[in-house]
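Undergrad: Before we start, here is the structure in question, set down as structure tokens.
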Amino acid sequence: MKKNLTIVTLALTTVMTWAQKPVFTPAKLESARVYFNSAELTHKAKLKLPKGTSEVVITNVADYLNEPTIQIGSISEVTVMAIQYSNRYVEEYDSPVDSPLLKPVRDSIKLVQTELKKVNNAIDVESRTIALLDSNQKVGGEQGTTTAEVMKMVDYYKTKRLQLSTELDKLNEKKDDLNTRLTNLQDKLAFNEGKSEKSSKGKLIIQVMNDREGEVPFQIKYLTNAASWKPFYDLRVEKINSPVKVVYKADVKQSSGIDWRGVNLSLTSGVANQSNVIPTWSTWFLDYNTYLTTAGYNRNANKKLNVMADMSAKMSYEAESSSMLNDAVVYEESTMSNFTQVNESQLNVSFDINIPYTVMSNNKSHSVTLNDFAIPAEYKYYVAPKLDLNAYLVATIKDYGNYNLLAGEANVIFDGVYVGKTMLNPANTEEEMKLNMGKDPKVAVTRILLKDKSGTKMLSSKKSQNFVYDITIRNNKAEQIDIQVEDQYPISSNKDIEVELTETSSGKLNEEKGLVKWDLRLKGNDSKSLRFGYQVRYDKNQNLNL
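To convert, count from 1 in the sequence shown and add 1116; that's this note's numbering.
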């Protein structure tokens, strides 16, 4: 009998324990490690728990998170038995997150809104009554009416109309007062809410077993895809003999549903490995292919799909880059290079910011300055006058792997003037990285066809066309510059078409591509002229696009 009573008592105790009121506690965000495609958020929470089994509801976690990545740690006396994530959790009990400062304000708003609804209904009734009274002013019928009856009707109308108008005025005054009170309460609510962190809908429902009563700390980690970052740069060149000043920045965005206020922020290159599964091999069997002729089947379909996917990704990236070229993005600026620690591993580069940082949950670009440094560079201008008469300044950087550069867009500022954008791509396999620093209007180039030396001649069965150009490069800068000039001549793909270079000004030939190259050094305010010409002979009965 005692044994049965003990079993019943234990069963009742378990039921009562599980039926206990859930314990609510808000999670405080401590740190955010942001990857290119996601972020790992780390929260801390502390609450008092009884001995035994409890249900804990941790609020203020991200609205969108990757559930398999949730990790919850606590002291050794606490065992986490079950974890469930929800952003639609129905709170059957009052949550301590509901601040005592805000609850009375919300209750007052509800009361005022209810009273305002009643006043609006009364105003509607009084207004309709006045309209009905005004539309029924006809006195008497076909038999006419007496003066006494008219006076009686007038007295009634005056009394009733005055009564209704007075009541309507009182109701409108009351409505104005209620609207003023409602506005003040809403302003008060907004002010108090603004002083606290933005609260999300995300909640973690945890079943825990506690060996002893007391205060219990929790650490919560998870990945959310509602955050990202990408590198971008400011490249500044004061003059062509100076190093490139690089300002290394990060464009951080997040819409996790919670504001990151005063958190420890880290930015990591690459994407988060959310699967964490080591790849395994399967046997590669090789045999002759047997293709079936089936309607709609294409053995190159997968290949084409992959190519289309690559093209789509490239087009999407180019469209985004083009959009960024045309649209001015306004960033919130922060200079924190002195507080950023760079850690490099075999897999990635991470930037740990050593002061608390804030990123709001609005998916807007937030600029973080990570580092600034100077890189030695060699400068050379490049111009292809047949295609473009503008001279472009190109900076060549050696040993660029020493600077932890990541692929990204860069704003180019030359001689204090913004000249455009370029792309940094440190992933190339060349020993040197070339940066397009933009056009320099102080280097002038002309390419003029010499009409007296150019023209068309008929030679029996052949037609001969001569093209001779004068290319002039002028350095309007005070300092000396190096410039590479390239021009093009046609290459015959038909044995009946003959091409002969007539003028090269000692340029270097690339016969495979049909290019002539000149490497020049011009002193300040100096100029140089080059003569370039070629002759094409072909069947006079044929046409060529020259």
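Quick reminder that beta carbons are idealized off the backbone N, C-alpha and C, glycines included.
If you're wondering where the values come from, they're calculated on a predicted model, not measured in any experiment.
What is the DSSP secondary structure of Tyr1739, counted as helix, strand or coil?
TA: In the structure as shown, the chain starts at 1117 and stops at 1662, and residue 1739 therefore has no counterpart that could be examined.
Undergrad: Do Leu1381 and Val1484 count as a contact pair if the criterion is CB distance below 9 Å?
TA: Position 368 of the sequence shown, counted from the start, is the residue given in the question as residue 1484. Position 265 of the sequence shown, counted from the start, is the residue given in the question as residue 1381. Closer than 9 Å, so yes.
Undergrad: Going by the beta-carbon positions, is the gap between Thr1384 and Phe1467 smaller than 9 Å?
TA: Here the question's residue 1384 lines up with position 268 in the sequence shown. Here the question's residue 1467 lines up with position 351 in the sequence shown. Cβ atoms of Thr1384 and Phe1467: closer than 9 Å.
Undergrad: Specify, as a first and last residue, the run of the beta strand (DSSP E) that Ile1225 falls within.
TA: Position 109 of the sequence shown, counted from the start, is the residue given in the question as residue 1225. Ile1225 -> not in any beta strand (DSSP E); alpha helix (DSSP H) instead, spanning 1219-1250.
Undergrad: Within a Cβ cutoff of 6 Å, which residues of the same chain sit near Ala1511, ignoring the five residues on either side of it in sequence?
TA: To locate residue 1511, count along the sequence shown from 1; it is residue 395. Val1360, Ala1493, Tyr1495, Leu1551, Met1553.
Undergrad: Checking 9 Å against the spacing of the C-beta atoms, do Val1138 and Ala1161 come in under that value?
TA: For this step, residue 1138 is matched to residue 22 along the sequence shown. For this step, residue 1161 is matched to residue 45 along the sequence shown. The sequence as given places Pro at residue 1138; Val does not occur at that position. Their beta carbons are not under 9 Å apart, which means Pro1138 does not touch Ala1161 by this criterion.
Undergrad: Give me, in chain order, the residues of the same chain whose beta-carbon lies closer than 6 Å to that of Asp1635; leave out the 5 immediate sequence neighbours on both sides.
TA: Position 519 of the sequence shown, counted from the first residue, corresponds to residue 1635. For Asp1635, where only same-chain residues beyond five positions count, the Cβ hits under 6 Å are Gln1600.
Undergrad: Going by DSSP, name the residue or residues bridged to Glu1614.
TA: The sequence position of residue 1614 within the sequence shown is 498, counting from 1. Per DSSP, Arg1653.
Undergrad: Within 8 Å, do at least three Cβ pairs link the segment 1164-1179 to the segment 1294-1301?
TA: The segment 1294-1301, when compared against the segment 1164-1179, does not touch it at the 8 Å Cβ threshold.
Undergrad: In its own chain, which residues sit with a C-beta less than 6 Å from the C-beta of Ser1428, not counting the 5 before and 5 after it?
TA: Numbered from its first residue, the sequence shown carries residue 1428 at position 312. Any reading at Ser1428 must be qualified, since the residue scores a pLDDT of 31, below 50, and its modelled position is unreliable; no value is offered.
Undergrad: Please classify Gln1370 as buried or exposed, where buried requires at least 16 neighbouring CB atoms within 10 angstroms.
TA: Against the sequence shown, residue 1370 aligns to sequence position 254. Buried is the call here.
Undergrad: Between the segment 1557-1574 and the segment 1536-1548, do at least 3 Cβ pairs fall closer than 8 Å?
TA: The segment 1557-1574 vs the segment 1536-1548: no contact.
Undergrad: What residues in its chain sit with their C-beta under 8 Å from that of Ser1147, if we drop five residues either side in the sequence?
TA: Taking the first residue of the sequence shown as 1, we reach residue 1147 at position 31. If we look at Ser1147 and ignore the five residues flanking it on each side, its Cβ neighbours are Leu1157, Thr1158, Val1379, Asn1380, Leu1381, Ser1382.
Undergrad: Secondary structure at Glu1208, three-state DSSP: helix, strand or coil?
TA: Looking up residue 1208 in the sequence shown gives position 92. Summary for Glu1208: the model assigns pLDDT 43, below 50, so the residue's position carries little reliability, and this model does not support an answer.
Undergrad: Could you spell out the range, first to last residue, of the beta strand (DSSP E) harbouring Phe1489?
TA: The residue given as residue 1489 occupies position 373 in the sequence shown. Unbroken beta strand (DSSP E) run through Phe1489: 1482-1491.
Undergrad: For Glu1289, which of helix, strand or coil comes out of DSSP?
TA: As a first step, residue 1289 must be located in the sequence shown, where it is residue number 173. Three-state result, Glu1289: helix.
Undergrad: Please identify the residue among Lys1567, Met1574, Gly1532 whose C-alpha is closest to the C-alpha of Glu1354.
TA: On the sequence shown, position 238 is the one that residue 1354 refers to. For Glu1354, the nearest C-alpha among the options comes from Gly1532.
Undergrad: Just to confirm the assignment, what range does the beta strand (DSSP E) spanning Thr1456 have?
TA: For the purposes of this step, residue 1456 is taken as the residue at position 340 of the sequence shown. Counting along the chain, the beta strand (DSSP E) containing Thr1456 begins and ends at 1456-1460.
Undergrad: Return the residue from the list Pro1333, Val1363, Glu1171, Lys1629 that minimises the CA-CA distance to Leu1320.
TA: Locating residue 1320 in the sequence shown gives position 204, counting from the first residue. Among Pro1333, Val1363, Glu1171, Lys1629, the Cα nearest to that of Leu1320 is on Glu1171.
Undergrad: Would you kindly report the start and end of the unbroken beta strand (DSSP E) that includes Leu1381?
TA: Here residue 1381 refers to the residue found at position 265 when the sequence shown is read from its first residue. Looking at the DSSP string, the run of the beta strand (DSSP E) that includes Leu1381 is 1376-1384.
Undergrad: For Met1539, which residues does DSSP report across the bridge?
TA: Along the sequence shown, read from residue 1 onward, the residue named residue 1539 stands at position 423. DSSP, once it has assigned bridges, lists Glu1525 as partnering Met1539.
Undergrad: Considering Cα atoms alone, identify which of Phe1648, Ile1191, Ile1471, Lys1304 is closest to Ser1622.
TA: Along the sequence shown, one-based indexing puts residue 1622 at 506. When only C-alpha atoms are compared, the closest one is Phe1648.
Undergrad: Excluding the 5 residues preceding and the 5 following Gly1330 in the sequence, name in chain order all residues of the same chain whose CB lies nearer than 6 Å to its CB.
TA: Looking up residue 1330 in the sequence shown gives position 214. None.
Undergrad: Do you know offhand how far Asn1527's Cα is from Tyr1349's?
TA: For the purposes of this step, residue 1527 is taken as residue 411 along the sequence shown, with counting starting at 1. For the purposes of this step, residue 1349 is taken as residue 233 along the sequence shown, with counting starting at 1. Cα to Cα, the separation comes out at about 6 Å.
Undergrad: For the putative contact between Ile1225 and Leu1301, defined by C-beta atoms under 8 Å, what is the C-beta separation to the nearest angstrom?
TA: Locating residue 1225 in the sequence shown gives position 109, counting from the first residue. Locating residue 1301 in the sequence shown gives position 185, counting from the first residue. Indeed, because the Cβ distance is near 5 Å, the residues count as touching under 8 Å.
Undergrad: Please classify Phe1530 as buried or exposed, where buried requires at least 16 neighbouring CB atoms within 10 angstroms.
TA: Against the sequence shown, residue 1530 aligns to sequence position 414. Classification for Phe1530: buried.
Undergrad: When the Cα atoms are used, what is the spatial distance from Asn1487 to Asp1367?
TA: Within the sequence shown, the letter at position 371 stands for residue 1487. Within the sequence shown, the letter at position 251 stands for residue 1367. Taking the straight line from one Cα to the other gives about 13 Å.
Undergrad: Counting only the same chain and skipping the five closest in sequence on each side, list residues whose C-beta sits under 8 Å from that of Asn1153.
TA: Taking the sequence shown and counting its residues from 1, the one referred to as residue 1153 is at position 37. Answer for Asn1153: Asn1341, Ser1344, Val1387, Ala1388, listed in chain order.
Undergrad: Buried or exposed: where does Leu1660 fall if 16 or more other Cβ atoms within 10 Å of its Cβ makes it buried?
TA: Walking along the sequence shown from the start, residue 1660 turns up at place 544. Per the 10 Å Cβ criterion, exposed.
Undergrad: As an exercise, report each continuous beta strand (DSSP E) stretch of at least 3 residues that is fully enclosed by the segment 1300-1358, in chain order.
TA: With a minimum length of 3 residues, the continuous beta strand (DSSP E) runs that stay inside the segment 1300-1358 are 1318-1326, 1330-1340, 1343-1353.
Undergrad: Measure the CB-CB distance between Ile1191 and Ile1199 and report whether it falls below 9 Å.
TA: Sequence index remark: in the sequence shown, residue 1191 carries index 75 (1-based). Sequence index remark: in the sequence shown, residue 1199 carries index 83 (1-based). No, they are not a contact pair.
Undergrad: Just to confirm, are Leu1287 and Ile1239 a CB contact at a threshold of 9 Å?
TA: Your numbering for residue 1287 matches position 171 in the sequence shown. Your numbering for residue 1239 matches position 123 in the sequence shown. Yes, Cβ-Cβ distance for Leu1287 and Ile1239 is below 9 Å.
Undergrad: Quick one: is Tyr1633 buried, meaning 16 or more other Cβ sit within 10 Å of its Cβ, or exposed?
TA: Mapped onto the sequence shown, residue 1633 falls at position 517. One detail in the question is off: residue 1633 reads as Lys in this sequence, not Tyr. When all chains shown are included, Lys1633 counts as exposed.
Undergrad: What are the residues that DSSP puts in a beta bridge with Gly1168?
TA: As a first step, residue 1168 must be located in the sequence shown, where it is residue number 52. According to DSSP, Gly1168 bridges with Asn1326.
Undergrad: Determine the direct distance from the alpha carbon of Val1584 to that of Asp1655, and round the result to whole angstroms.
TA: Here residue 1655 refers to the residue found at position 539 of the sequence shown. Here residue 1584 refers to the residue found at position 468 of the sequence shown. About 21 Å.
Undergrad: For Ile1322 versus Ile1174, is the C-beta distance shorter than 9 Å?
TA: Here residue 1322 refers to the residue found at position 206 of the sequence shown. Here residue 1174 refers to the residue found at position 58 of the sequence shown. Cβ distance < 9 Å, so Ile1322 and Ile1174 count as in contact.
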